[in-house]
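K.L.:
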Amino acid sequence: MMGRQDRTRRALLEREAELAAVDVALTDLCGSDPGDPSGTRTGGVIAFAGPGGVGKTAVLGEMRRRAAHRGCTVMSARGGEHEQGAAFHVVRQLFQPVLATTGEEEHRRILGSWYDIVAPAVGLVVSGSGGSPDPQGVRDGLDWLVTRFAVEHAPVVMILDDVHWADPESLDWLIRFAARAVDLPLLLAVGYRPEDLTADAAAVRGLTERQGSRPHVLAPLTPAGVGRIVRDVLGEEADEAFCRECWAVTGGNPFEVVELTAKVRDRDLKPQTVNLSALRELVAAAKDSGLGDRLTRLGTAAVRLAWAVAVLGIEATPSLTANVAGLSETETAEQVARLADARILAPPRQGARGTQPLEFLHPLIATAVYQAIPGALRVAMHGQAASVVLAAGLGSAAAGRHLLEMHPEGDSWVVRHLREAAREYLRAGAPDAGRRCLARALREPPAPEERAAVLYELGCSAQLTEPSVTVNHLLAALEEPDLGSDLREAIIYRLAQAYGHSGRMEEAAQVVAAEVGRATSARARLRMQAEQFMWNMFRADEKESPARSRRLARLADHLTGRGMAERYLLGLRAWDAMTRGEPAATALHYAEEALGDGLSWTDDDWGFEVPILVALIFLHCDQPGRAEALFNTGIAECERKGWRGSHLAFGITLLGYARLRRGALVEAEELAREGMRIADLVGSSTPAHWTAVGTLIETLISRGRIREAQEFAAGHGGEILPQAVLCPDVPTVRGELLLASNLHGEARQQLAEVGRRMDGRGMRNPVWCPWQLHMAQALALTDPRQAAEVADDAVRRARQFGTHSAIGRALHSAAAVAQGSERIKLLAEAVSHLERSPSAYDLAVALVDHGAALRRVGLPQEAGDRLYRGLKGAVRCGADTLASRARDELSAAGLRPMQLRVDHTSPLTSQEQAVAERAAEGWPDDRIGEEMGLAEREVARLLSDVYRKVGTDRGGLATLLGTPRPDRTRSALPTEPGAPGG
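For what it's worth, this note's numbering labels the leading residue of the sequence shown as 1, then goes sequentially.
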């Protein structure tokens with residue numbers, strides 16, 4: 001033990017600056033007074049860099065000792081040169097010591113709702129098949145786990161050595177998480193070799209720079225420092241020339257100095273000037289074959305054991321190592337002791353009882369031993385290691401890294417375990433590691449009848465990260481002979497998804513269209529039709545929209561909604577009806593049939609696109625509260641399964657869009673920004689990204705922050721829009737922004753192009769795409785006659801659709817381009833409709849405009865009523881600019897503006913609840929008023945507040961309140977698009 005302490009002390013020579021930095025960091029973490037819990041304590045990152053052998057591990061070891069002395073909880077891990085392909089290798093080293101002593105019940109308590117997502121990544125065996133979380137979901141779960149652990153066990157020091165060899169999954173999490181350490185009672189300490197950083201690990205350099213510091217680069221020892229080590233080992237009689245020569249031949253590298261002095265001592269070489277030539281010969285021999293000779297002198301058994309440890313790496317427990325080396329337990333124990341005495345293996349840890357892996361004294365030795373194994377023998381030993389690891393029950397993923405090193409021989413056993421390893425990696429949220437296993441399985445190669453399945457699995461593993469790669473593998477799978485019908489259907493479905501998620505909607509539609517005629521069952525044919533309709537709907541350049549709509553309407557008329565394919569087709573029919581402007585009752589009817597008892601967002605066999613479309617139908621049909629409930633359900637489902645990518649980004653952003661439509665602008669902005677953050681983690685210029693861009697710009701416009709909206713839009717001006725239908729329609733939003741910026745000419749040009757595109761596709765609903773409402777205002781100054789015609793057409797379309805928000809917004813737009821009494825009449829009618837809708841912001845704008853118009857014609861009392869109500873609505877919505885305008889109008893009318901704080905989420909009053917329940921049962925306003933002793937106008941006012949609070953129009957009250965709804969028969973619904981819409 002004394003010898004190990006001496007080596008540590010020698011290795012820390014001339015490291016005063018680094019250890020002082022360690023003390024400062026630990027003081028910041030623990031506080032200057034450990035007994036004062038109220039003291040300021042901050043975490044952070046400290047990094048040590050330098051070439052191999054310079055002493056990084058020794059500094060980190062001393063840091064561990066000092067941290068433990070201060071009462072810190074210490075966690076540690078290190079990267080392995082040959083474990084970089086083992087996903088979450090470093091993460092598991094951190095957490096398995098914490099989790100190994102407890103059972104599943106305690107694991108579930110520690111991990112909470114993240115258990116099913118994070119448990120496989122930290123190495124726990126999860127019962128059941130579970131799902132496959134995406135990498136972002138696992139990273140978020142690890143963030144949560146470390147944050148909780150840091151708070152519960154503060155202060156925490158997390159030491160990560162040899163980070164340059166960390167596996168990509170652990171490294172990706174570490175780099176993203178490190179910035180949060182400063183906000184936690186957590187000090188993250190890393191050591192790495194700059195020259196060995198891979199492209200993926202290059203970001204390690206910036207870990208400390210983010211906090212305004214730099215890595216501590218360890219310098220070689222000075223001649224004086226080397227002399228101190230030489231004299232400690234060889235005696236004070238070592239003369240200056242000999243010590244200086246030791247410094248020269250080692251470059252001051254502490255590890256090499258210690259190894260050299262040990263060799264000099266073993267050779268009984270006197271440390272005098274007369275032996276300098278012998279010293280140089282010793283160094284030259286050591287560089288050529290020093291370690292190999294030293295190992296060979298220990299005998300064949302020692303060599304086999306050392307090679308087995310090098311091959312097994314982290315799995316090199318004494319028992320597994322003995323199996324690979326072909327030694328008995330007694331022989332293994334003897335050779336371990338000899339290798340430790342020879343400074344090749346590190347002394348076994350005390351108290352480990354044979355369960356802890358054997359380790360080399362230094363990573364440089366591990367590298368040299370592994371490289372010394374003859375190539376063919378090394379391959380064979382990896383095969384033996386794979387068998388031993390599997391027999392020990394460590395799983396196919398643990399064996400996978402050994403299988404990857406074997407030569408392809410067409411072995412079905414190898415293929416089977418590589419496929420299983422891929423499944424384990426996918427379950428842990430490591431698709432890249434899974435893909436490596438499957439690519440290797442393909443090269444084995446698999447049996448001809450298995451090849452298509454391997455290609456399919458390989459394509460699916462790349463779908464989240466490289467959809468273009470997925471396309472290539474799936475196309476290859478389709479070319480395989482004797483493809484089973486079920487597998488072929490699955491391949492076609494995934495191929496269409498890969499095309500669609502790459503923005504290649506036309507190809508997605510074509511691939512399923514070609515498969516319709518090949519389908520061998522009615523179920524498969526119906527599913528392919530559903531996929532074809534869906535991808536065509538999503539195409540921004542679809543040229544046969546009217547014909548496609550008629551075919552879909554005829555097909556939907558004969559569906560009963562019994563199977564998932566039929567329900568998806570009904571959902572698509574509902575979406576088509578809504579976007580084309582057919583009566584809202586038609587769209588709602590089909591949406592209800594499609595929804596049934598719910599649609600999953602994370603079903604591996606069905607996409608999340610139709611469930612989102614169904615929710616959007618409720619949103620555009622004046623039932624945003626229903627839409628919000630569906631979005632919240634979908635978001636919760638994604639979070640439970642660890643899907644933290646595009647699915648979650650869409651859900652959060654569209655929940656924000658629903659809040660925007662209801663007038664909750666502050667929440668809408670927060671949700672849109674969060675949706676964009678998640679979408680951009682997946683990749684920019686995706687549909688999820690652009691959905692967030694459009695929603696955020698529209699929200700900023702509604703809040704009156706035009707300059708901010710302009711700057712935000714300019715930041716995304718150079719990006720390419722995907723060739724897909726988006727909600728909201730981004731070109732329309734751009735036109736709205738140009739109009740709000742008083743760039744009427746540019747707005748007209750932009751909106752005219754939108755109009756040609758939308759009308760060409762038969763998308764005539766002004767709620768879905770309100771280009772006409774903005775175009776009318778853009779034309780008002782230069783061509784008022786055309787502006788009125790455009791506005792009147794929008795009103796006709798809105799009345800055909802039939803929702804109060806659609807009609808109210810269109811009438812408001814028509815009023816904006818009208819004059820005199822006609823303007824006031826249209827505004828009054830717009831307010832009347834919007835009062836019966838859940839659109840709080842649209843009502844507030846209409847009330848303020850109506851009040852301002854009444855003030856200008858000398859009706860201050862009526863104006864005041866509208867303005868006060870408009871002000872109240874604007875404050876409730878968070879529309880600050882609109883509220884300021886309402887106050888200005890009130891002041892101009894000689895009235896006192898109000899300072900209001902209103903909570904739009906407040907529950908219904910007892911009177912509102914009573915009115916809502918009767919309305920839900922189908923009572924007319926006059927009957928409700930008579931029953932409750934209220935004027936009919938007061939009933940209408942109460943219901944108006946109800947609509948905005950619960951998020952629905954009158955038709956959706958029964959569903960939200962749980963009261964029986966009036967009967968509606970299907971016979972009253974049109975089965976094909978009406979003439980104006982088609």
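Every residue, glycine too, gets a C-beta built ideally from N, C-alpha and C.
All of these numbers come straight from a predicted model, not from anything done at the bench.
Could you have a look at Asp-411 and say whether DSSP puts it in helix, strand or coil?
P.N.:
coil
K.L.:
Could you tell me the alpha carbon to alpha carbon distance between Glu-292 and Ser-685, rounded to whole angstroms?
P.N.:
Reading off the sequence, residue 292 comes out as Gly, not Glu. Taking the straight line joining both Cα atoms gives about 55 Å.
K.L.:
Give the single residue among Phe-533, His-558, Asp-541, Trp-601 whose Cα lies nearest to the Cα of Trp-575.
P.N.:
Phe-533
K.L.:
Name the residue from Leu-197, Trp-165, Val-182 whose alpha carbon lies nearest to the alpha carbon of Pro-155.
P.N.:
Of the listed residues, the one whose Cα sits closest to Pro-155 is Val-182.
K.L.:
Counting C-beta neighbours from all protein chains within 10 Å, is the total for Trp-413 16 or more, i.e. buried, or is it exposed?
P.N.:
exposed
K.L.:
Rounded to whole angstroms, how far is the Cβ of Ser-461 from the Cβ of Ala-421, which I believe are closer than 8 Å?
P.N.:
Incorrect: roughly 11 Å between the Cβ atoms, too far for contact.
K.L.:
Along the chain, where does the alpha helix (DSSP H) that runs through Ala-540 open and close?
P.N.:
Note, Ala-540: premise wrong, no alpha helix (DSSP H); not H, not E.
K.L.:
Pull up the DSSP beta-bridge partners for Ser-461, would you.
P.N.:
The partner list for Ser-461 (beta bridge, DSSP) is empty, contrary to what the question assumes.
K.L.:
Round the Cβ separation of Gly-571 and Leu-613 to the nearest angstrom and send it over; I've been treating them as touching at under 8 Å.
P.N.:
6 Å
K.L.:
Distance, Cα to Cα, Ile-706 vs Ala-714?
P.N.:
12 Å
K.L.:
Are at least three pairs of beta-carbons, each pair with one atom in the region 600-609 and one in the region 628-642, less than 8 Å apart?
P.N.:
yes
K.L.:
Alpha carbon to alpha carbon, what distance is there between Asp-557 and Leu-837?
P.N.:
Note on identity: in this sequence residue 837 is Ser, with Leu being the wrong assignment. Roughly 30 Å between the two C-alpha positions.
K.L.:
So, at 7 Å on beta carbons, what are the nonlocal neighbours of Glu-315 in its own chain, with the 5 sequence-adjacent residues on each side left out?
P.N.:
Pro-357, Val-389, Leu-394, Ala-398
K.L.:
In whole angstroms, what separates the C-alpha of Val-54 from that of Leu-99?
P.N.:
33 Å
K.L.:
On the three-state DSSP scale, how would you describe Leu-726?
P.N.:
coil
K.L.:
Is Asn-742 buried or exposed, if buried means 16 or more other CB atoms sit within 10 Å of its CB?
P.N.:
exposed
K.L.:
When the Cβ atoms of the region 221-228 are set against those of the region 239-256, are three or more pairs found closer than 8 Å?
P.N.:
yes
K.L.:
Let me know the secondary structure DSSP gives Arg-78 once reduced to three states.
P.N.:
Here Arg-78 sits in strand by DSSP.
K.L.:
Name the one or two DSSP bridge partners that Met-158 has.
P.N.:
Answer is Met-75, Leu-188.
K.L.:
Alpha helix (DSSP H) containing Ile-678: first to last residue?
P.N.:
665-682
K.L.:
By the DSSP assignment, the beta strand (DSSP E) with Val-274 in it spans what residues?
P.N.:
Counting along the chain, Val-274 falls outside any beta strand (DSSP E), and DSSP gives it neither H nor E.
K.L.:
Does the region 677-692 come within contact of the region 830-844, defined as at least 3 CB pairs closer than 8 Å?
P.N.:
Short answer: they don't touch.
K.L.:
Could you tell me which whole beta strand (DSSP E) segments of length 3 or greater appear in the region 838-870?
P.N.:
none
K.L.:
In this structure, does DSSP put Gly-558 in helix, strand or coil?
P.N.:
It is worth fixing the name first, because residue 558 is His in this sequence and not Gly. Correct three-state label for His-558: coil.
K.L.:
With a threshold of 7 Å on Cβ separation, who are the neighbours of Val-516 within its own chain once the five nearest residues in sequence on each side are excluded?
P.N.:
Answer for Val-516: Arg-525, Met-528, Gln-529, Gln-532, listed in chain order.
K.L.:
How long is the line joining the alpha carbons of Gly-962 and Ala-428, rounded to whole angstroms?
P.N.:
41 Å
K.L.:
Quick one: what does DSSP say Ala-352 is sitting in, helix, strand or coil?
P.N.:
At Ala-352 the pLDDT is 48, less than 50, meaning the model places this residue with poor confidence; the figure from the coordinates comes in the next sentence. Ala-352 falls in the coil class under three-state DSSP.
K.L.:
Distance, Cα to Cα, Val-138 vs Thr-73?
P.N.:
If you draw a straight line from the Cα of Val-138 to the Cα of Thr-73, it is about 24 Å long.
K.L.:
With 16 as the cutoff for other CB atoms within 10 Å, does Lys-56 come out buried or exposed?
P.N.:
So Lys-56 counts as buried.
K.L.:
So what does DSSP say about Gly-983, is it helix, strand or coil?
P.N.:
There is simply no residue 983 to check, as the chain begins at 1 and stops at 982 in what is shown.
K.L.:
When burial is assigned at 16 or more other CB atoms within 10 Å of the CB, is Leu-377 buried or exposed?
P.N.:
Counting Cβ neighbours within 10 Å, Leu-377 comes out exposed, since fewer than 16 surround it.
K.L.:
Going by the beta-carbon positions, is the gap between Val-125 and Val-163 smaller than 8 Å?
P.N.:
no
K.L.:
With a threshold of 7 Å on Cβ separation, who are the neighbours of Glu-14 within its own chain once the five nearest residues in sequence on each side are excluded?
P.N.:
Excluding sequence neighbours, Glu-14 sits near Leu-221, Thr-222, Gly-225.
K.L.:
Comparing C-alpha positions only, which one of Met-564, Leu-569, Arg-562 sits nearest to Asn-536?
P.N.:
Distance check between Asn-536 and each of Met-564, Leu-569, Arg-562 places Leu-569 closest, using alpha-carbon atoms only.
K.L.:
Which residue comes first and which comes last in the alpha helix (DSSP H) that contains Met-406?
P.N.:
Looking at the DSSP string, Met-406 is not in any alpha helix (DSSP H), and its letter there is neither H nor E.
K.L.:
What separation, rounded to the nearest whole angstrom, lies between the Cα atoms of Val-257 and Pro-271?
P.N.:
The straight-line gap from Cα to Cα measures roughly 14 Å.
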